[in-house]
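K.L.:
Handing you this structure, nothing more for now.
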Amino acid sequence: SWVGTPLMSVAAGGAVPQRLGSGFRGNVPNGAFPASDGYVFLSVGSNEAFYRLLDAIEAPGLRDDPAFADNVTRVAHRQEVNAKLGAATVRFTMDDLLSRLDAAQVPHSAVNTLDRVLVDEQVVALGQLEEIEHAQLGGVTVVNTPLTIDGQYLAHQYGPPLLGAHTVDVLASAGVDEERIARLLADGVIETA
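Read in order, the letters of the sequence shown correspond to residues -12 to 180 in the working numbering.
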């Protein structure tokens, strides 16, 4: 469970924590920060990583801000810290920001839009997308189940069925007799592919 620790805290009599969106109550910065063309998720848990972040986003002057002194102080000034960092990160494109954070060894991740997911190197490497044949559309991209058996995805037996492809079989298996099915077809109530 993603809420295990806070749930145990409340069960033990602690206060109900405030909602933080993508943030985490234990460290700041932690959450989605704007780039000029999207968002990047940051999770910085040490002062050393925080200083590398400031250098990567060309904001070394923030080191002298008392609200940035250490993680405890940053947590206490969460909104101010996040606002100032967001003002710095938004000056970069996602790709530039990701590259800078990689080089600085700052824990981060892209917050991908679906068009970026389609070409994400990890999605491609894992074979999460597969092209299969559809009777009317030709090749269509489908998403594999995230589950594997012995490292293999389950094979797609066939493409999505056309509207009505299984209507007669389903009705027959539900006990509808052939004469009734024929009337439903003739009256346009049901159709077959």
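For glycine and all other residues, C-beta sits at the position ideal for the given N, C-alpha and C.
Report back the beta-carbon spacing between ALA180 and ALA152 to the nearest angstrom; my notes put them in contact at under 8 angstroms.
P.N.:
4 angstroms
K.L.:
Are the region 87 to 97 and the region 50 to 57 touching, with three or more C-beta to C-beta distances below 8 angstroms?
P.N.:
no
K.L.:
Taking ALA22 as the reference, which of GLU166, ALA70, ARG167 has the closest Cα?
P.N.:
Distances from the alpha-carbon of ALA22 to those of GLU166, ALA70, ARG167 put ALA70 closest.
K.L.:
Judging by CA-CA distance, which residue of ILE136, VAL176, THR135, PRO147 is the nearest neighbour of VAL155?
P.N.:
VAL176
K.L.:
Consult DSSP for GLN66 and reduce its assignment to one of helix, strand or coil.
P.N.:
helix
K.L.:
Does DSSP put ASN14 in a helix, in a strand, or in coil?
P.N.:
strand
K.L.:
I'd like to know if the region 78 to 91 and the region 118 to 138 are in contact, where contact means that at least 3 CB-CB pairs between them fall below 8 angstroms.
P.N.:
No: fewer than three Cβ pairs fall under 8 angstroms.
K.L.:
Assuming VAL31 and ALA54 are in contact, meaning their beta carbons sit under 8 angstroms apart, how far apart are those beta carbons, in whole angstroms?
P.N.:
Not quite, the Cβ-Cβ distance comes to about 15 angstroms (not below 8 angstroms), so this is no contact.
K.L.:
Give, in chain order, every unbroken run of the beta strand (DSSP E) that is at least 3 residues long and sits entirely within the region 83 to 147.
P.N.:
95 to 98, 116 to 121, 125 to 130
K.L.:
Sorted by chain position, which residues of the same chain lie with C-beta nearer than 7 angstroms to PHE37's C-beta, five sequence neighbours on each side aside?
P.N.:
Here the set comprises VAL31.
K.L.:
Within 10 angstroms of the Cβ of TYR145, are there 16 or more other Cβ atoms? Answer buried if so, exposed if not.
P.N.:
exposed
K.L.:
Rounded to a whole number of angstroms, what is the C-alpha to C-alpha distance between VAL59 and GLN66?
P.N.:
13 angstroms
K.L.:
Is the beta carbon of GLY114 sitting closer than 8 angstroms to the one on TYR140?
P.N.:
yes
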